[in-house]
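Residue numbers (the numbering used here): 3 to 90.
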């Protein structure tokens, strides 16, 4: 997989349309930095949708796993925290 482009907020501001076009046409995310720190990304919409679908499936899997177990119930907030803490 190729290295993702990394641009500062100022660079992105100067040519936002190009960054969006790159995500749309080339299916390539662009990482955005502020003062040298990665803070956001412009990603193809399908990538975002796949991530959201994966996240939903993972939540459902954890809930089913916990419901099938013999242990007492676990609050949904804890399930969400565990899901969000897992590496992709």
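Using N, Cα and C, we set each Cβ at its ideal position, and we do this for glycine too.
The C-alpha of residue 39 lies about 10 Å from the C-alpha of residue 9.
By the Cβ-count criterion, residue 41 is exposed, with fewer than 16 other Cβ atoms from all chains shown falling within 10 Å of its own Cβ. Counting only unbroken stretches of 3 or more residues, the beta strand (DSSP E) elements lying wholly within the stretch 13-61 are 32-36, 39-44, in sequence order. One thing to note: residue 81 has its Cβ no nearer than 8 Å to the Cβ of residue 62. Distance from the CA atom of residue 6 to the CA atom of residue 69, rounded to whole angstroms, is 40 Å. DSSP, reduced to helix, strand and coil, places residue 67 within a helical segment of the structure shown. DSSP, read as helix, strand or coil, puts residue 9 in strand. The beta carbons of residue 60 and residue 32 sit about 26 Å from each other, so the pair does not count as a contact at 8 Å.
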